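A.B. asks: Converting from the sequence shown to the working numbering requires adding 9 to each position, the first position being numbered 1.
Pasting a structure here, questions to come.
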Amino acid sequence: MENNIFREMINKLSAEDIAMLSPLHLAYIGDAVYELLVRSYVLSKKIPVKDLHKLSTEYVKAKAQADIVHKLEEYLTEEEKAIVIRGRNAKSNTMAKNASVIDYKYATGFEALIGYLYLTENNSRIGEIFRLIIENHI
Numbered sequence: 010m011e012n013n014i015f016r017e018m019i020n021k022l023s024a025e026d027i028a029m030l031s032p033l034h035l036a037y038i039g040d041a042v043y044e045l046l047v048r049s050y051v052l053s054k055k056i057p058v059k060d061l062h063k064l065s066t067e068y069v070k071a072k073a074q075a076d077i078v079h080k081l082e083e084y085l086t087e088e089e090k091a092i093v094i095r096g097r098n099a100k101s102n103t104m105a106k107n108a109s110v111i112d113y114k115y116a117t118g119f120e121a122l123i124g125y126l127y128l129t130e131n132n133s134r135i136g137e138i139f140r141l142i143i144e145n146h147i
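In structure tokens:
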């Protein structure tokens with residue numbers, strides 16, 4: 010079996026370590042995970058390189074993530090909703106350049122959820138959520 014550098018890094022964090030991370034830490038890694046998913050998805054569309062960034066942006070901008078998290082609410086477990094709320098309510102000293110404060114907060118909640126699922130190695134759930142986003146144009 011091939012070693013996975015990502016898993017090696019995650020395995021350095023215990024369940025207790027993950028539980029103690031701030032929602033902004035979860036959002037930090039969730040942002041990267043979601044960006045990689047979106048980039049992989051748009052690459053599979055076989056569109057010209059010049060259009061990749063534009064299409065990716067439609068999924069990763071704060072407004073889009075805020076809309077996604079609202080539409081996903083009925084599909085989320087209570088634990089997942091709680092993580093979104095923690096992320097949304099986290100005090101951040103940064104703001105998105107092209108988003109309202111409320112959209113930015115909800116986007117942070119969404120990214121915190123993705124980060125938590127990634128760090129707890131719940132990749133199947135990330136896949137389910139991403140498929141809902143893609144298949145339902147959420």
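No residue lacks a Cβ here, since even glycine has one placed at the ideal position from N, Cα and C.
Everything numeric in this text was worked out from a predicted model, so none of it was measured.
1. Distance check for E44 and M18, CA to CA, integer angstroms please.
2. Secondary structure at I56, three-state DSSP: helix, strand or coil?
3. Rounded to the nearest angstrom, what separates I94 and G118 at their Cα positions?
4. Would a C-beta distance cut-off of 7 Å place Y127 and V42 closer than the cut-off?
5. Is the distance from the Cβ of A99 to the Cβ of P57 below 7 Å?
C.D. replies: Based on what the coordinates show:
1. Spanning the two alpha carbons is a distance of roughly 19 Å.
2. For I56, the secondary structure class from DSSP, reduced to helix, strand or coil, is coil.
3. The alpha-carbon separation between I94 and G118 amounts to approximately 6 Å.
4. Contact check for Y127 against V42 passes: the beta carbons are separated by less than 7 Å.
5. Taking 7 Å as the Cβ cut-off, A99 and P57 do not qualify as a contacting pair.
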